[in-house]
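J.:
In this note's numbering, the protein residues as written are 3 to 682.
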C-alpha cells in the first residue's frame, strides 16, 4: 500500500529546498561575490603614493598571487555593477572573466567586467573582493594600510552554511517554518493513515524498526523518482534562466538543503512511528491513535500554525498595501524625466566625512542657486516640535520652475530672491505669517535670522512631493493647500552640510542626472557621490520588488492557513473518535452539543487567547519602536503588519472556529446515527 502522505511530505521538502536554494543563490550573487573575501578601504587619504590605483591593484595582485576585484556602482542604473579585475594567478577561474564575462547567476543584475587598467584616476577608497588564501589577503590589506588607509576585512565564508543559515534564520525563516509545519502534518498523517497496518504488523511480532524498514523498502523507489523529476525540472529551468551559470554553487546548496530536509522528514516519521507502536493494538486496529498522544501532538502543530498564519496573512496584506503605494508612486513619477537621487558612500573617517559633507554641501548649494536641484521637504525635517510641521513645504527655486504654484492673480511663481526666504501662504489659510516665521526660526541656530518676505497663494493647490515619501508608507504623494516656503540658496536658512543631509535623505534631487554627472567635481564623483539614479527608475524597481514580495508572501500565507485548517479537521476527528463512547452517553442523557464538546471549545479558546496575546504584544512593541525610531523603513513595515493583525486575528479565528464546529458537528451526527466510532 503506497504511503501518499510520506510522498507528499518528501515532494514538498524537495521542491521547497530547490526553490529557496535558487532564491538564496540569486540573492548572494546580486549582493556580493561568493567565495571571495571582502575588504572596505576608507580613510582621509586620496592618493596612492606615486602610483595610480590601476598600478596599485595590479601590483598587489601580482605580489600576493591573488585576484582582486574592485566593485563600483553604476552611476545611472541600480541594476548594473562594474567589476574592475586584476589577477596574479592565472589558475583562478576569475582571471578568465575578462575574456568570458562574469558568469551571472541572477538575471536581475548585470555585471560588466573591466580590466584594472581602467582604474587610473579612481579614488582607492571603496569595496574590493579578494580571491586567494589568507596570506594573499593579508598582503593586499598590507599594501593599502601602508598608504595610510583604514581597511576592514571580512574573510570569505563557506557558501553552504551561509545559505542554510539564511533559509532557516534569515528573511526566509517564516516560509521555512511554514514548510516544516506542512511536512510535519503530512508525515504525521502518513503514519496515522497506516495505523491498522502497523497494528497487524505488531500482531505478527513486528517492531518499530521492522515497520520503518518495510516502509522505506516500499517508498524508496517512489522517493527516488520524486528526486529525479524535481532535480531534472530544476536543471531545465536553470538552463533556460541563465545557461547553468554557477550551477555547481546552486547544486551544492540544493543538495545540502534537500539532504537536511529529508533527514528532518525521517526524524518526524520515526517519532510518529514510535507513537504509533505505543498505541494499544485494539485501538490501532480501529485506526486510532491514543487520545492522550494525539491531542498534544496536534496542538504542537496548531499553536505555531495559528500564530504563523496570522503573521503571514497580516504581512501579505501589509505588503499588498505597500505594493499598491509603490505602484501609485511609480505612476506619479512617470513624467519627471531624468530627475535623480544622489547616493553617497560612507567609506571615510568621521573627520573626513564631516569635511566632505560641508564641501559637497557648498557645491549643492551652488547647484541650487542655478536651479539645477529640486528641493522638496516638510518643515518636520527641521523642527519636529513646531505646530506647523505638517502644513509647511520647503522648496527650492528649481522646484518652483518645474511645478505650477500660482499667486492670487493666477501668475506662476518661478523665482525666489537668492538671499531671502519667501513664505507663500494660501489665501484661506488659518495660519498667519507671524506663526510661520516663528515656526521657521524655532530651531534656527545662526545668530542672524534670514530675511523673510511674504506672498499670498491661490487656494486649493496641490504640490507634488517627487516620491520623497517612498520609504514612508503613510506619506502622501502630494500635499494639498499647504504653506510653501521657498528657500533662497544664499539665505543662510540651510547650512552647507544641511544641503548634503537633505540630498542623502532624497529630499534634494538633481534635476537632470546627465547634467549633474558632467558638473560634479572629480573629487566627489564615484567615491563620495557614488551614483545618480533616476527616481522614476528607482520607483519602478521598488514596485517590481514589492509585487514579487506580495506573491511570495501570499503563497506562504495560504500554505500556513491550509496547515492550520488541516489541523482543525484532524483535531475534530481525533476528538470525536477518541471520545466516542462519552459523546454517545451524553447524547442519550440529553446533553446539548455545546455541553458535550465544551472541553474542546475551551481548549480552542485558550489557543485563540494565546494568538491574541501574541498579536497584542507584537503590536505594542511595533508601536513603541515606531515612536522611538520614527518612520525607518523596517520599523514602519513592522507597524503596518501590526495594524493588520486585529483584522486577521478575527478573520482567522472565525474561519478556524467555523470549520472546527462544522466538522465536529458532522462527525458527531454520523456517530449518533450509526452508533459506531468506526464511522465518526
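Positions of the beta carbon are idealized from the N, C-alpha and C atoms, including for glycine.
Grouping DSSP H, G and I as helix and E and B as strand, with all else coil, what is residue 380?
T.: Residue numbering aside, residue 380 sits at position 378 when the chain shown is read from its first letter. Note: residue 380 maps to strand in three-state DSSP.
J.: Quick one: Cα of residue 458 to Cα of residue 418, how far?
T.: Start at 1 with the first residue of the chain shown, and residue 458 comes out as number 456. Start at 1 with the first residue of the chain shown, and residue 418 comes out as number 416. Whole-angstrom Cα-Cα distance: 14 Å.
J.: By Cβ distance, which residues of its chain are closer than 8 Å to residue 432, with the 5 residues on each side in sequence left out?
T.: On the chain shown, residue 432 is found 430 positions in, with the first residue counted as 1. The answer is none, since no qualifying residue turns up.
J.: Could you pull the DSSP bridge partners for residue 87 from this structure?
T.: The residue given as residue 87 occupies position 85 in the chain shown. Partner(s): 71, 117.
J.: Evaluate residue 685 with the Cβ neighbour count: other Cβ atoms within 10 Å of its Cβ, from every protein chain shown; 16 or more gives buried, anything less gives exposed.
T.: Residue 685 lies beyond the range of the chain shown here (3 to 682); nothing can be said about it.
J.: Is it the case that the Cβ atoms of residue 510 and residue 366 are separated by a distance below 8 Å?
T.: The residue you call residue 510 lines up with position 508 of the chain shown. The residue you call residue 366 lines up with position 364 of the chain shown. In this structure, residue 366 lies closer than 8 Å to residue 510 by Cβ.
J.: Relative to the C-alpha of residue 45, which candidate in 187, 352, 375 has its C-alpha closest?
T.: Mapped onto the chain shown, residue 45 falls at position 43. The candidate whose alpha carbon is nearest that of residue 45 is 352.
J.: Whose C-beta lies closer than 7 Å to the C-beta of residue 67 among residues of the same chain, with five residues either side of it excluded?
T.: Position 65 of the chain shown, counting from 1, holds the residue named residue 67. 90, 91, 134, 138, listed in sequence order.
J.: Pull up the distance between the alpha-carbon of residue 411 and that of residue 429, whole angstroms please.
T.: Position 409 of the chain shown, counting from 1, holds the residue named residue 411. Position 427 of the chain shown, counting from 1, holds the residue named residue 429. The straight-line gap from Cα to Cα measures roughly 11 Å.
J.: Starting from residue 535, trace the alpha helix (DSSP H) both ways and give me its first and last residue.
T.: One-based indexing of the chain shown puts residue 535 at position 533. Run containing residue 535: none in the alpha helix (DSSP H); it sits in the beta strand (DSSP E), 531-536.
J.: Tell me whether the beta-carbon of residue 41 lies closer than 8 Å to the beta-carbon of residue 180.
T.: Your numbering for residue 41 matches position 39 in the chain shown. Your numbering for residue 180 matches position 178 in the chain shown. The answer is no: Cβ separation not under 8 Å.
J.: So, at 8 Å on beta carbons, what are the nonlocal neighbours of residue 439 in its own chain, with the 5 sequence-adjacent residues on each side left out?
T.: Translated into the one-based positions of the chain shown, residue 439 becomes position 437. Around residue 439: 425, 454.
J.: Which full runs of the beta strand (DSSP E) of 3+ residues lie inside the region 140-221, going along the chain?
T.: With a minimum length of 3 residues, the continuous beta strand (DSSP E) runs that stay inside the region 140-221 are 152-156.
J.: If contacts are defined as beta-carbon pairs under 8 Å, then residue 69 and residue 97 qualify, I think. What distance do you get, rounded to the angstrom?
T.: To locate residue 69, count along the chain shown from 1; it is residue 67. To locate residue 97, count along the chain shown from 1; it is residue 95. Indeed, because the Cβ distance is near 6 Å, the residues count as touching under 8 Å.
J.: Any contact between the region 210-228 and the region 591-598? By contact I mean 3 or more CB pairs, one from each, below 8 Å.
T.: The region 210-228, when compared against the region 591-598, does not touch it at the 8 Å Cβ threshold.
J.: Can you grab the Cα-Cα spacing for the pair residue 298 / residue 114, in whole Å?
T.: Translated into positions along the chain shown, residue 298 becomes position 296. Translated into positions along the chain shown, residue 114 becomes position 112. Distance between the alpha carbons of residue 298 and residue 114: 57 Å.
J.: Of the residues 344, 185, 205, 171, which one's Cα is nearest the Cα of residue 75?
T.: Position 73 of the chain shown, counted from the first residue, corresponds to residue 75. When each option's Cα is compared against that of residue 75, the closest is 344.
J.: Near residue 634, what residues of its chain come up, given a Cβ to Cβ distance below 6 Å and the 5 sequence neighbours on each side ignored?
T.: Counting from 1 along the chain shown, the entry for residue 634 is found at position 632. Note that residue 634 scores a pLDDT of 48, beneath 50, so its modelled location is shaky; the value from the coordinates is reported in the next line. Excluding residues within five positions, none has a Cβ falling inside 6 Å.
J.: Using the Cα positions of residue 231 and residue 540, report the straight-line distance between them to the nearest angstrom.
T.: Here residue 231 is taken as the residue at index 229 of the chain shown, counted from 1. Here residue 540 is taken as the residue at index 538 of the chain shown, counted from 1. C-alpha separation (whole angstroms): 39 Å.
J.: Could you have a look at residue 282 and say whether DSSP puts it in helix, strand or coil?
T.: As a working note, residue 282 is residue 280 in the chain shown. Correct three-state label for residue 282: coil.
J.: Applying the criterion that 16 or more other CB atoms from any shown protein chain within 10 Å of the CB defines a buried residue, is residue 520 buried or exposed?
T.: Here residue 520 refers to the residue found at position 518 when the chain shown is read from its first residue. When all chains shown are included, residue 520 counts as exposed.
J.: In this structure, how does DSSP classify residue 524 when only helix, strand and coil are distinguished?
T.: Walking along the chain shown from the start, residue 524 turns up at place 522. Residue state, collapsed to three classes: coil.
J.: Which first and last residues belong to the alpha helix (DSSP H) in which residue 24 is found?
T.: Walking along the chain shown from the start, residue 24 turns up at place 22. Per DSSP, residue 24 belongs to the alpha helix (DSSP H) from 6-33.
J.: So, for residue 669: in the same chain, excluding its five sequence neighbours on each side, which residues have a beta-carbon less than 7 Å away from its beta-carbon?
T.: Indexing the chain shown from 1 puts residue 669 at position 667. These residues qualify, in order along the chain: 574, 575, 578, 682.
J.: Could you pull out every residue in the same chain whose Cβ sits closer than 6 Å to the Cβ of residue 589, ignoring the five residues on either side in sequence?
T.: For the purposes of this step, residue 589 is identified with residue 587 of the chain shown, where counting begins at 1. Contacts found: 674.
J.: For the alpha helix (DSSP H) that contains residue 404, what are its first and last residues?
T.: If you number the chain shown from 1, residue 404 lands on position 402. Note, residue 404: alpha helix (DSSP H), 399-404.
J.: I want to know whether the region 392-403 touches the region 484-491 - three or more CB-CB distances under 8 Å.
T.: These segments touch.
J.: Leaving aside the five residues before and after residue 105 along the sequence, list all residues of the same chain whose C-beta is less than 7 Å from its C-beta, in chain order.
T.: Taking the first residue of the chain shown as 1, we reach residue 105 at position 103. Only 247, 248 meet the Cβ criterion.
J.: For residue 553, which option in 314, 456, 268 has the closest C-alpha, if you only look at C-alpha atoms?
T.: Within the chain shown, residue 553 is the residue found at index 551, counting from 1. The candidate whose alpha carbon is nearest that of residue 553 is 314.
J.: Would you report the Cα separation of residue 171 and residue 103, rounded to the nearest angstrom?
T.: Position 169 of the chain shown holds residue 171. Position 101 of the chain shown holds residue 103. Approximately 34 Å between the Cα atoms of the pair.
J.: Can you list the beta strand (DSSP E) stretches of 3 or more residues lying completely in the region 525-605, in chain order?
T.: As far as the region 525-605 is concerned, its whole beta strand (DSSP E) runs of at least 3 residues are 531-536.
J.: Output the distance between the C-alpha atoms of residue 280 and residue 543, rounded to the nearest integer angstrom.
T.: By one-based count along the chain shown, residue 280 stands at place 278. By one-based count along the chain shown, residue 543 stands at place 541. Whole-angstrom Cα-Cα distance: 56 Å.
J.: Is it buried or exposed, residue 623, if we count other Cβ atoms within 10 angstroms and call 16 or more buried?
T.: Along the chain shown, read from residue 1 onward, the residue named residue 623 stands at position 621. Exposed, by the Cβ-count rule.
J.: Mind checking residue 621: buried by the 16 CB within 10 Å criterion, or exposed?
T.: For the purposes of this step, residue 621 is taken as the residue at position 619 of the chain shown. Buried is the call here.
J.: Along the beta strand (DSSP E) that carries residue 422, what are the first and last residues, could you check?
T.: The residue you call residue 422 lines up with position 420 of the chain shown. Here the beta strand (DSSP E) through residue 422 covers 422-428.
J.: Applying the 10 Å Cβ sphere with the 16-neighbour rule, what's the burial state of residue 656?
T.: By 1-based counting over the chain shown, the position of residue 656 is 654. Burial call: exposed.
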